[in-house]
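Enquirer: Once you've had a glance at the structure underneath, I'll fire off some questions.
Below is the structure:
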């Protein structure tokens, strides 16, 4: 995130001589920042080893344990 912010500052400083950046300039800045940023994994990529059914059962099991301990 810090690297993306720094890239944004650098690119914006390159077009700062203009009175007001055009929409195309703003789009170019955003494009450069996105392309230089590290790609973060999506939720699907992080959970490839656990299918959704197992994940939900795990949530239910935790919730059920919490309920059982509160009831006693």
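Residue numbers (our numbering): 95 to 166.
Note that the Cβ used here is the ideal one computed from N, Cα and C, for glycine as well.
(1) Tell me which residues share the same chain as residue 102 and place their Cβ nearer than 8 Å to its Cβ, disregarding the 5 neighbours each side in the sequence.
(2) Per DSSP, what kind of secondary structure is residue 116 in: helix, strand or coil?
(3) Could you spell out the range, first to last residue, of the alpha helix (DSSP H) harbouring residue 107?
Expert: Walking through what the data contain:
(1) 123, 127
(2) coil
(3) 96–108
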